[in-house]
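From first to last, the protein sequence lines are chains A and B. So for the first sequence, this note's numbering puts the first residue at -5; every next one is plus one. So for the second sequence, this note's numbering puts the first residue at 148; every next one is plus one. Data first, discussion second: the structure below is written as structure tokens.
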Amino acid sequence: MAKIELTRIPFIKNALKSRYPQLAVFIVMLVGYIFAILAGFIGTPVGSHNFSIVFVWIAWWAVLILVAVPFFGRGWCAVCPIPLPGEWLQRGAVLSPPDKKPKWLNLRWPRFLRNIWMQNISFLLLALFSSVLLTTPNITGIVLAAMLFAAIGLSTIFERRAFCRYLCPVGGFIGLYSQTAPIELRIKDKQVCVTCEGKPCYNGSQAGYGCPWDVFPGGLTKNTYCGLCMECIRTCPHDNIAVNLRPFSADLAKPSTRMDEAFKAFIMLGSAMIYAGVLLGPWGAFKDAAYNVGTSAWSIYAIIFLAIIFVILPGFFTIGILKTKGALPLKQRFASLATALIPLGLMFWVAFSLSFVLTNASYIIAALSDPLGLGWNLFGTANATWQPMLTYILAPAQTLVLVGGLIWSARTAQKAANEIKVSSTPVIVFCFITTLAMLWLLL
Amino acid sequence: MLPTPSTDPPIFHKLMNPRFTLLLLVMAGLVMAFAPLPVQPITPQERTFRIEAGQFAYSPSELRVNPGDTVTFQLVSTDVVHGLYVDGYDISIEADPGQTKILSFVADKPGSFRFRCNVTCGAMHPFMIGKLNVGSNNWLFRSIGLALLAVVGVIFSVKQKA
């Protein structure tokens, strides 16, 4: 399938070039975000009746993992409200062109941190406390507020969106999985960028801001670090930026060679499996251990969690690929072949989320009318009873998603293996075994 | 120079056709997913389970019955009010602390079903889950078969291209 340039359609191009449609969505999102923080602090402590839990961990999560990431890649980042206040402060403006003189420290992000290890760590920190985070409104409020203030703080110290690019726990995995999405932002003609003076897409101009994600669009080859903010479409004086519809997982044809990205794939794959067992399984002892933070049971849970992600899964994967005789060193083969785990991990998360979301979605109806759990009945739905939805399609849908993910990963493994001239069989066997484990956990 | 006529039988050419292979794999997948399995006749029994519900687990948390059994749950709550809702059967009961509530039903739908608390009982309430197996978990075995078929299909399709 060839690429289709969506920005050839005047309506889409105009909507993306204008700042106002995006600003309107930003404002709605920011209001919702701040309300979620407030609800966490002043609303009922009962999670299933509090806006912060129901709308963040059920509604937003469902939209993010079932729709936004698989079909729009970093589409969520394009409208995420977290960087906004910091960015407005950093620029000293909301919409007007930036001053040439920076208003704050405007430092470059340290070179040794220019990777996604910090995002891996921030995700794992949240993951280890997730049983409390997902169920306790004030903890969710604290985490949402902390992310907002961290983004503001980093905007006053470092240039551009340092928080989004290097620290956001959500942005890390969205970036990884955005490579599978059928949407991309790319340049049309490389030669135009080579001869372009001043590179306004990166440095900014009177037409708009330099890339907030610290990416030079002329060098974009994959979606991972492009936040789809559309600023380069506004600043490019040569109309050389396009948003394209493309085949799924086009970016994975050229495998990654970075260990931070390889371990991100393991972190996400392992976390989905652990959550499926702990949160959706019938084993009460695991739930107790995951919830009672600070106890010895939780410490053992945390050690097992980290061991699965950093030792057991990568260990078996490494043992498998040890015998693949290739010209490249083992570390590089590991990083390249781990690309195959990206579609599998995404599908694991989709399968896990289907179960979680379909059984808990009915809480949204009640929380709409009584978002703080204070006895309001704004739309007459506050007393809507909990009722699992479509549970009869859950098992077939999860099978379809997991087996589809296995096929997708096996094909990706073959392409990655071809690229570095090694056998794909150990990776396919690894994907098969992990899929069997996930099927057993969910069905 | 004229091309050498193939000596392979026509069926071999058909098998080496990628579209034919895909069709075969899809058909095999459909058989794997939907083909009826032989059912061993088992005389239905009456099965009673005493289930203790406490934050945030059931004990026992995994139950096995045979299709057609008349199942009775005696739900006992050990701390706060808990409920028990069975996915797929769409039936539920609620028990106050110290009380025993009874739920009886005929397990006429085979498969693996989650049962879960349907009364908000604390922070981890959405994850208070147990498992009811009615007969063997055939869907899991079918899914494993589909996964195996998928892997064989991918490997075979690449060998064809090679």
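Glycine residues also receive a C-beta, built at the ideal position from the N, C-alpha and C atoms.
As a beta-bridge residue in DSSP terms, Tyr205 (chain B) pairs with B:Ala200. Using a CB distance cut-off of 8 Å, Leu99 (chain A) does not count as an interface residue toward chain B.
Trp207 (chain A) is not a Cβ neighbour of Arg240 (chain A), given a cutoff of 8 Å. Here Val305 (chain A) is exposed. Its C-beta has fewer than 16 other C-beta atoms within 10 Å. Interface criterion met: the Cβ of Ile422 (chain A) is under 8 Å from a Cβ in chain B.
Rounded to whole angstroms, the gap between the alpha carbons of Pro308 (chain A) and Gly300 (chain B) is 26 Å. Proximity to Ile315 (chain A) across A:Ile235, A:Ser417 and A:Pro4 peaks at A:Ser417, based on C-alpha coordinates. Flagged as an interface residue toward chain A: Phe203 (chain B), by a C-beta distance shorter than 8 Å. Annotated as distal: Leu60 (chain A) and Gln173 (chain A), with beta-carbon spacing of 8 Å or more.
Of all alpha-carbon atoms in A:Val19, A:Cys223, A:Ile21 and A:Asn44, the one lying nearest the alpha-carbon of Ile31 (chain A) is that of A:Asn44. Distance from the Cα of Ser124 (chain A) is smallest, within the candidate group A:Ala266, A:Ile387, A:Gly369 and A:Ala391, for A:Ala266. Residue B:Val298 holds the alpha-carbon nearest to the alpha-carbon of Phe426 (chain A) among B:Ile302, B:Phe303, B:Val298 and B:Ser304.
The alpha carbon of Ala87 (chain A) has as its nearest neighbour, out of A:Ala334, A:Leu340, A:Gly202 and A:Leu99, the alpha carbon of A:Gly202.
Val73 (chain A) and Pro211 (chain A) have their C-alpha atoms some 19 Å from each other. Ranking A:Gly398, A:Trp277 and A:Phe35 by CA distance to the CA of Pro337 (chain A) puts A:Gly398 first. Taking each of A:Thr289, A:Pro249, A:Gly278 and A:Phe299 in turn and checking the Cα distance to Ile414 (chain A), the smallest one comes out for A:Pro249.
At a beta-carbon threshold of 7 Å, the residues of chain B lying near Val40 (chain A) are Thr267, ordered along the chain. In summary, the residues of the region 218 to 251 of chain B whose CB is separated from some CB of chain A by less than 8 Å are Tyr232, Asp234 and Gly235, in the order they occur in the chain. One alpha carbon belongs to Leu58 (chain A), the other to Leu177 (chain B), and they sit about 31 Å apart. For the region 375 to 392 of chain A, residues whose beta-carbon sits nearer than 7 Å to a beta-carbon of chain B comprise Trp380, Pro382, Thr385, Tyr386 and Ala389. When secondary structure is reduced to three states using DSSP, Thr215 (chain A) falls in the coil class, being assigned neither helix nor strand.
Judged by DSSP secondary structure, Gln221 (chain B) falls within the beta strand (DSSP E) whose first and last residues are Thr217 to Ser224. Judged by their CB atoms, Gly37 (chain A) and Gly339 (chain A) are not nearer to each other than the 8 Å cut-off.
In terms of CA proximity to Ile268 (chain A), A:Thr428 leads the group A:Met224, A:Thr428, A:Ala391 and A:Ile177. Nearest to Asn100 (chain A) by C-alpha distance, out of A:Leu83, A:Glu191, A:Tyr27 and A:Thr229, is A:Leu83. Gly258 (chain B) is bridged by DSSP to B:Val281.
Trp277, Gly278, Ala279, Lys281, Asp282 and Tyr285: these are the residues of the region 277 to 302 of chain A whose beta carbon lies less than 8 Å from some beta carbon of chain B, given in chain order. Among the residues of chain A, those whose CB is under 8 Å from the CB of Asn284 (chain B) are Leu437, following chain order.
In this structure, B:Ala270 is the residue among B:Leu279, B:Ser290 and B:Ala270 with its C-alpha nearest to the C-alpha of Thr130 (chain A). By alpha-carbon distance to Leu279 (chain B), the top candidate from B:Gly292, B:Leu296, B:Phe220 and B:Ile240 is B:Phe220. Fewer than three beta-carbon pairs drawn from the region 429 to 436 of chain A and the region 318 to 336 of chain A are found closer than 8 Å, and the two stretches are therefore not classed as touching.
With a cutoff of 8 Å on beta-carbon distance, Ile297 (chain A) and Ala283 (chain A) are scored as not near each other.
If you draw a straight line from the Cα of Trp103 (chain A) to the Cα of Val63 (chain A), it is about 27 Å long. Using a Cβ distance threshold of 8 Å, Trp343 (chain A) and Met262 (chain A) count as a contacting pair. Annotation for Ser239 (chain B): the continuous beta strand (DSSP E) segment containing it runs Ile238 to Ala242. When Cβ-Cβ separations below 8 Å define contact, Val173 (chain B) makes no contact with chain A.
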